[in-house]
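One structure is given below, encoded as structure tokens.
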Amino acid sequence: MIKKLDKLILRAFIGPFLATFLLAIFVLILQFFWLWLDDFVGKGIDTPTLLKVILFVAASWVPVALPLAILLSTIMTFGNLGESYELVAIKSAGISLQRFMRPILVVSILISGIAFLFNNNVIPVINLQLNKLKYEIVYTKPAFDIKPGVFYDRIEGYVIKLGKKEKDGAALGQIMIYEKGNYLQDNLILADSGSMKVSADKRFLEFDLRNGIRYEEKGMRNAINTDLTTIKFKSYKKIFDISSFFRVKTEDSLFKDNYRMLSVRQLDFFIDSVRKRTRASSDRISTAISNEFNFVKMRDSGKLRSVALPKKPVKTMADVIPDSARQSIIETSSSKVSNMKSSFDINYSDYNERGREQRLYELAWQQKFSLSFACFVLFMIGAPLGSIIRKGGLGTPLVFAVIFFVIFHLLNTIGEKMAKTGVLGIIPGTWLPSIVLVPVGLFLTYKAMRDSQLFNKEYYYRLVKSLKTLIAKKTAGRTKLNS
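In my numbering, the protein residues as written are 1215 to 1697.
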């Protein structure tokens, strides 16, 4: 049965939670569009598509916004109760800190469960649709996607670089178009200026080039003697077929194997599959070594004991090889080692790639739980912190919320990168924020239960003043003794 105290605390919590959650989502949406602004501007996106992008982006940021909303709202809730002396009244009635934290504790655990279900069942679908939509939008109009000073290679068979470009593409400068044919650099166009536009039927990208040179190299592939033809022009039109770019209907299968698009059950399947491929790659390396180097086969046997050892001490292998066979053996060994090194490099590269892929899937599996648990961790920090600082509103609570959320985000990013590179294990890397912040939450709870003045500036002012007085007395006493 919900008591009046529980209703009081829940009413004080729900309003700030909803407000901070929507504010966090709004800020994160702005961050997304800030990063993707150059790819979206000038694409002629219609309103329904733009609203769909905003909806997908907002949903994809829910697992990040929930912990931030819980942190800020709990600080505000308990800060408001402390600032209005309601906490004092509650404590004077003999109600402990744990008791009036209980309603929000239950809510935070409930939100953590909802966050896990959302992260496991909804986020993979949202990420899949969002990546599909971004792919379609970015590749809609390559004319707008060609940036000055950057090599553009999304048109198959060509690389384009522009030195200067106006916003509408009407004026271009220092144009380079390289046609990739075979191993020879057979076609290269350089122009001082020009313009580009998309044809009316949106099938072709047309370049009108002025004052340039076209280089053509003709001859047999890999031949030394080739013909280089140089053609100077005042005006030249180059046309690219881009019909496949416009509103490409991307299949879901293009992204479905990405670790961000999978649920826990699907991740289990892929992790098991990748582990099998990793073991197979390791077995291939072991088999290759055993087949090529006979001494490896005898490393665990007693065969080496039966080999007759020379009577004289041997310093180098050259001492036991006859002079007539030495050069031949050295050449054969060098060739064999060189061939094996190339083979091992390929197998080892494949093994590393399998290991990296396995870490990504295992990391995504752990993050389903760690990001959900973060809601509870930040509640453990926010609730006692609010009761200690006893300040409501958006001023002081926002400052502390930003500080602790930045710490959480940095630890999460550092742990994720270290886990991806194999520097840190998957579990320590994923749960690094919780490992660091849970003790902080317990410490703050301990201080709050004892009405600590941890963030009271007057307390520190009095403490510093007392220390100054004590130091002055000791200095005066030493002066009297010396005199």
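All C-beta atoms in this analysis are idealised placements derived from N, C-alpha and C, irrespective of residue type, glycine included. Since we're looking at a predicted model, the values are computed, not measured.
- ILE1427 is positioned such that its CB atom lies closer than 7 Å to that of LYS1446.
- For THR1501 and THR1659, the gap between their C-alpha atoms comes out near 57 Å.
- Judged by DSSP secondary structure, SER1413 falls outside any alpha helix (DSSP H); it is assigned neither H nor E.
- Between the beta-carbon of PHE1235 and that of LEU1280 there is about 7 Å, and that keeps the pair under the 8 Å contact cut.
- Residue range 1441-1455 is occupied by the beta strand (DSSP E) that includes PHE1454.
- The segment 1240-1249 and the segment 1303-1314 do not touch, with fewer than 3 CB-CB distances between them shorter than 8 Å.
- If you draw a straight line from the Cα of LEU1599 to the Cα of ILE1228, it is about 18 Å long.
- By the beta-carbon neighbour count (other beta carbons within 10 angstroms, threshold 16), THR1492 is buried.
- Spanning the alpha carbons of PRO1262 and LEU1344 requires a straight line of approximately 14 Å.
- Taking every protein chain shown into account, the CB of LEU1592 has 16 or more other CB atoms within 10 angstroms, so this residue is buried.
- Taking 7 Å as the cut-off, the beta carbon of PRO1338 is found closer than this to the beta carbon of SER1477.
- If you check the CB distance, MET1290 and PRO1362 do not come in under 7 Å.
- Within the DSSP bridge table, the entry for LEU1280 names no partner.
- In this structure, VAL1650 lies away from LEU1624, with their beta-carbon atoms at least 7 Å apart.
- Secondary-structure assignment with DSSP links PHE1418 through a beta bridge to ASP1455.
- In the same chain as SER1287, and ignoring 5 residues on each side of it, the C-beta atoms closer than 7 Å to its own belong to PHE1227, PRO1230, PHE1231, THR1234, in chain order.
- Partner residues in a beta bridge of VAL1478, as assigned by DSSP, do not exist.
- Nearest to SER1407 by C-alpha distance, out of ALA1414, PHE1418, ILE1391, SER1413, is ILE1391.
- LEU1311 is positioned such that its CB atom lies closer than 7 Å to that of MET1663.
- A distance below 7 Å between beta-carbons, with the five flanking residues on each side excluded, links ALA1597 to the following residues of its chain, in chain order: THR1288, PHE1292, MET1315, ILE1318.
- If only uninterrupted alpha helix (DSSP H) runs of at least 4 residues are considered, those enclosed by the segment 1285-1322 are 1300-1306.
- Judged by DSSP in its simplified three-state form, PRO1647 adopts helix.
- For the 7 Å CB-CB criterion, GLN1572 and THR1644 do not form a contact.
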